[in-house]
Each structure stands twice: as structure tokens, then as C-alpha cells.
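Residues in the sequence shown are numbered from 748 upward in steps of one, following the working numbering. Backbone N, C-alpha and C fix where the C-beta goes; we use that ideal spot for every residue, glycine too. No experiment lies behind these values; they were computed from the predicted model shown. Notes follow once the structure below has been shown.
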Amino acid sequence: MKNYRNNLFRIILLVIIFSSLSMSQVIGKIYTKSTANNLYGSIMTSVEINTSLLQKLTSQTPNYIMFQIIQGKLVVLDNKRNVIYTNGNFSAVSASTVFRIFSTSIVNELLKEGNNSEAYIEIRNNVLTITNGDETLEESELCPPFYP
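Here is the structure:
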């Protein structure tokens, strides 16, 4: 019964998320690194990820990709909240764990413009940013969109 409720909650959550997002809506905005530092403050936590790997991850999920740093480890989810990458021991995450969602197209644009072999997923003052070279991506949305 608990598994049924968890699955039902995930389905309802996904319906809410995708009904609030238009499939053509681009989530995220690219700034210069210095502008991002001024807007969002200094980096409190940073996890490195290879740019080629991140490009591969964006190809595994249509339209949207989600990120979070949990206990110092990077966790990346596809558009259905399935774990597609982690550098920790996370095979699944709680449906109530808040992730930051970006459009895969804007993540790929960042990686192209940044033109660096490494990207950094960063936690700043209540935001998650992705930096590659001299470019930083922010203006993500929360998933789930409501705090429990």
C-alpha cells in the first residue's frame, strides 16, 4: 500500500510539474560568471562533472534535467525524476526531495558557450548554479514546486 501511495504521489507530482510548464518554455538563463557572482553570491558547495558526461546525460532525458547536491554528492535526475547519474550511493530519491530543474537545451548551450572540459554544479545563497568556463547558468525552477 505504501508503494502504491508513493507511485501515486509521483504521478500527481509529475502532472503538476508538467502542467505548470509549457514544453516550449526554456528554464534557465546564462550569465557571465562575474554577473552570477554579483547576483547569487559566493559558492558554498561545488561538485565537478566532466562536460562530455553532462552532455551525455542531457541526451538521456527529453526537455528537462534536474540537479541537486545531497550530502556533498551530485545527483542528476531525468524528466521523470529517475536517477541518471550520481557520484554517491543514490539509486532513487524521495519524491519530496527538492531538485532544481533546467531545460536540457539551455544546459547544452551553456556547455557550448563555456567551452571548458569541466563543469561545476554549485550551491550558492539558496540557488543552484552550473558553471562552465566563464558562463554560469541559473534561474532554475523547483521540483517538486511546493515545499512539503
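For Gly819, is the classification buried or exposed, using 16 other Cβ atoms within 10 angstroms of its Cβ as the cut-off for buried?
Locating residue 819 in the sequence shown gives position 72, counting from the first residue. So Gly819 counts as exposed.
Would you kindly check if the distance between the Cβ of Thr876 and the Cβ of Glu885 is under 7 Å?
Taking the first residue of the sequence shown as position 1, residue 885 is located at position 138. Taking the first residue of the sequence shown as position 1, residue 876 is located at position 129. Yes, these two residues count as a Cβ contact at 7 Å.
Confirm, please, whether the CB-CB distance from Gln807 to Ile831 is below 7 Å.
Your numbering for residue 831 matches position 84 in the sequence shown. Your numbering for residue 807 matches position 60 in the sequence shown. Remark: C-beta atoms of Ile831 and Gln807 approach each other more closely than 7 Å.
Near Ser769, what residues of its chain come up, given a Cβ to Cβ distance below 8 Å and the 5 sequence neighbours on each side ignored?
Counted from its first residue, the sequence shown places residue 769 at position 22. Its pLDDT being 47, under 50, Ser769 is placed unreliably in this model, and the value from its coordinates should be taken loosely. Nothing listed; no residue qualifies.
Rank Val874, Ser799 and Ile790 by C-alpha distance to the C-alpha of Phe849 and give the top, closest one.
Reading the sequence shown from its first residue, position 102 is the one you call residue 849. Considering only alpha carbons, the answer is Val874.
Between Ala842, Lys827 and Ile817, which lies nearest to Asn836 when the distance is taken from Cα to Cα?
In the sequence shown, the residue the question calls residue 836 occupies position 89. Ranking Ala842, Lys827 and Ile817 by Cα distance to Asn836 puts Ile817 first.
Should Pro891 be labelled buried (16 or more other beta-carbon atoms within 10 Å of its own) or exposed?
Translated into the one-based positions of the sequence shown, residue 891 becomes position 144. So Pro891 ends up on the buried side.
Determine the closest residue to Met813 out of Arg871, Thr883, Thr792 and Ile774, with distance taken between C-alpha atoms.
On the sequence shown, position 66 is the one that residue 813 refers to. Nearest option by C-alpha distance: Ile774.
Can you name, in chain order, every residue of its own chain whose Cβ lies under 7 Å from the Cβ of Thr798, other than the five neighbours on each side?
Taking the sequence shown and counting its residues from 1, one reaches residue 798 at position 51. The residues are Leu858, Asn863, Ser864, Glu865, Ala866 and Asn879.
Does Ile796 come out as helix, strand or coil in the three-state DSSP assignment?
Walking along the sequence shown from the start, residue 796 turns up at place 49. Ile796 falls in the strand class under three-state DSSP.
Give every residue of the same chain whose Cβ lies closer than 8 Å to the Cβ of Val809, excluding the five residues on either side of it in the sequence, and list them in chain order.
Here residue 809 is taken as the residue at index 62 of the sequence shown, counted from 1. The question names Val, but residue 809 in the sequence shown is Pro. Once the five neighbours on either side are set aside, the close Cβ partners of Pro809 are Asn826 and Thr851.
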